[in-house]
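Trainee: Numbering (the UniProt record's numbering), first residue to last: 1 to 292. Even for Gly, the Cβ is constructed at its ideal location relative to N, Cα and C.
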């Protein structure tokens, strides 16, 4: 498997050689292929919209950014796994003209949704141009005739992110490092609603937020959200807390486990949308906390 940079085009200047696939518009609408996928998922299309007005405004020109991000990071992980175990995470048709991978999403009937692609073939008489290798053809359940016509009963494996079960749950016997804040002040001011606060005020607020987290996690383990942090290619945890400027707005500590010191170290602070777009969420977030 070629080491593609992204599933679909991420920015205008990106080379076609880095991109796995492109999607043709449906009835002139380039967003409709993703709308069809969103409608198929068990949670429905509304789950892929931002719920908070500030994020709706920020991403007004991007359709289904949460879904696109999810698919892209799932794909990138699968490419890494496929390079280690060829043929396990991507399945090709017998003639090599089709390829599929397991999105990790399911439809309302509990069937996995497989993203399917047809090899790009330039039209006769059209000028040559750089283009991704594959064309997105939609998502299908393994029992769908459109899927079986190309892949039969073969199914690619779902992506995995860690074999260590401890990576998925916050260990409340470990401590949270509350003292290493020097590298977080500016980020906290920007991302946690404290742009004009002094360092002392920021420090006290962050310590208070951390003090409140472990009791909350003890009562509801889903408060700590396992993520695959793409930048570092490793599992970490998101710990959401209320913004200082608005109790209804949430920011997140990104923490990693230190088994030698039996503690969790704070890596950075994310605004809620940054948390979504910097990491591949592994589980369904708790609706009381992480619902942008």
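1) What's the gap between the Cα of residue 104 and the Cα of residue 88?
2) Using the beta-carbon count (16 or more within 10 Å), is residue 30 buried or exposed?
3) Sorted by chain position, which residues of the same chain lie with C-beta nearer than 7 Å to residue 349's C-beta, five sequence neighbours on each side aside?
4) Is the CB-CB distance between residue 20 and residue 90 below 8 Å?
5) Per DSSP, what are the beta-bridge partners of residue 236 in this structure?
6) Using 7 Å as the cut-off, classify the Cβ of residue 14 as near or not near the heavy atoms of the ligand FAD, replying yes or no.
7) To the nearest angstrom, report how far apart residue 204 and residue 217 are at their CA atoms.
8) Would you call residue 235 buried or exposed, if buried means 16 or more other Cβ atoms sit within 10 Å of its Cβ?
9) What residues in its chain sit with their C-beta under 8 Å from that of residue 107, if we drop five residues either side in the sequence?
10) To which residues does DSSP link residue 114 through a beta bridge?
11) If you follow the alpha helix (DSSP H) that residue 209 is part of, which residue opens it and which one closes it?
12) I'd like to check one pair, residue 255 with residue 264: are the Cβ atoms closer than 8 Å?
13) State the start and end residues of the unbroken beta strand (DSSP E) segment that holds residue 280.
14) By how many angstroms is the C-alpha of residue 35 removed from the C-alpha of residue 70?
15) Between 11, 81 and 144, which has its C-alpha nearest residue 116's C-alpha?
16) Just reading off the beta strand (DSSP E) that residue 256 is part of, what are its end residues?
17) Based on DSSP bridge pairs, tell me the residues matched to residue 21.
18) Does the beta-carbon of residue 48 have 16 or more other beta-carbons within 10 angstroms, so that it is buried, or is it exposed?
19) Comparing C-alpha positions only, which one of 94, 110, 158 and 270 sits nearest to residue 73?
20) For residue 4, which residues of its own chain have a beta-carbon under 7 Å away from its beta-carbon, when the five flanking residues on both sides are left out?
21) For residue 6, count neighbouring Cβ atoms within 10 angstroms of its own Cβ and tell me buried if that reaches 16, exposed if not.
22) Around the C-beta of residue 160, are 16 or more other C-beta atoms found within 10 angstroms, so that it is buried, or is it exposed?
23) Might you give, ordered along the chain, the residues of its own chain that have their beta carbon closer than 6 Å to the beta carbon of residue 277, omitting 5 neighbours on each side?
24) Note the first and the last residue of the continuous alpha helix (DSSP H) segment covering residue 270.
25) Can you tell me which of the three DSSP states residue 91 falls into?
26) Once DSSP output is grouped into helix, strand and coil, what is the label at residue 165?
27) Since residue 41 sits in a beta bridge, which residues does DSSP pair it with?
Mentor: Reading off the structure:
1) Counted from its first residue, the chain shown places residue 104 at position 104. Counted from its first residue, the chain shown places residue 88 at position 88. Residue 104 and residue 88: Cα-Cα distance of roughly 14 Å.
2) Residue mapping note: residue 30 aligns to position 30 of the chain shown, counting from 1. By the neighbour-count rule (16 or more Cβ atoms within 10 Å), residue 30 is not buried but exposed.
3) The chain is shown only over 1 to 292; residue 349 falls outside these bounds and no answer can be derived.
4) To locate residue 20, count along the chain shown from 1; it is residue 20. To locate residue 90, count along the chain shown from 1; it is residue 90. Against a cut-off of 8 Å, the Cβ pair of residue 90 and residue 20 comes out as no contact.
5) By one-based count along the chain shown, residue 236 stands at place 236. Paired residue(s): 227.
6) As far as ligands go, the structure on display features none, and thus does not contain the ligand FAD.
7) Here residue 204 refers to the residue found at position 204 when the chain shown is read from its first residue. Here residue 217 refers to the residue found at position 217 when the chain shown is read from its first residue. Cα to Cα, the separation comes out at about 21 Å.
8) As a working note, residue 235 is residue 235 in the chain shown. Buried.
9) Along the chain shown, read from residue 1 onward, the residue named residue 107 stands at position 107. Counting only Cβ-Cβ distances below 8 Å, and skipping sequence neighbours, we find 40, 41, 42, 113 and 141.
10) Reading the chain shown from its first residue, position 114 is the one you call residue 114. DSSP lists 102 and 140 as partners of residue 114.
11) As a first step, residue 209 is located in the chain shown; it is residue number 209 there, counting from the start. That run of the alpha helix (DSSP H) goes 199-219.
12) Position 264 of the chain shown, counted from the first residue, corresponds to residue 264. Position 255 of the chain shown, counted from the first residue, corresponds to residue 255. Yes. Within cutoff.
13) The residue given as residue 280 occupies position 280 in the chain shown. Taken as a continuous stretch (DSSP letters only), the beta strand (DSSP E) holding residue 280 covers 279-281.
14) Here residue 70 corresponds to residue number 70 of the chain shown, with the count starting at 1. Here residue 35 corresponds to residue number 35 of the chain shown, with the count starting at 1. Taking the straight line joining both Cα atoms gives about 14 Å.
15) Reading the chain shown from its first residue, position 116 is the one you call residue 116. Comparing Cα positions, the closest option is 144.
16) Translated into positions along the chain shown, residue 256 becomes position 256. Its beta strand (DSSP E) spans residues 250-258.
17) Your numbering for residue 21 matches position 21 in the chain shown. Residue 21 is bridged to 134.
18) Counting from one through the chain shown, the residue named residue 48 turns up at place 48. By the neighbour-count rule (16 or more Cβ atoms within 10 Å), residue 48 is buried.
19) Stepping through the chain shown from its first residue, residue 73 is reached at position 73. Cα-wise, what sits closest to residue 73 is 158.
20) Counting from one through the chain shown, the residue named residue 4 turns up at place 4. Correct list, in chain order: 18, 19, 20 and 79.
21) Indexing the chain shown from 1 puts residue 6 at position 6. With 16 or more Cβ atoms within 10 Å of its Cβ, residue 6 is classed as buried.
22) Against the chain shown, residue 160 aligns to sequence position 160. With fewer than 16 other Cβ atoms within 10 Å, it is exposed.
23) As a position in the chain shown, residue 277 is number 277, starting the count at 1. Closer than 6 Å at the Cβ level, and outside the excluded window around residue 277, lie 69.
24) Within the chain shown, numbered from 1, the residue matching residue 270 stands at position 270. Element bounds for residue 270: not the alpha helix (DSSP H) but the beta strand (DSSP E), 263-271.
25) Within the chain shown, the letter at position 91 stands for residue 91. Residue 91 falls in the strand class under three-state DSSP.
26) Walking along the chain shown from the start, residue 165 turns up at place 165. In the structure shown, residue 165 sits in a helix (DSSP, three-state: H, G or I).
27) For the purposes of this step, residue 41 is taken as the residue at position 41 of the chain shown. Paired residues: 107.
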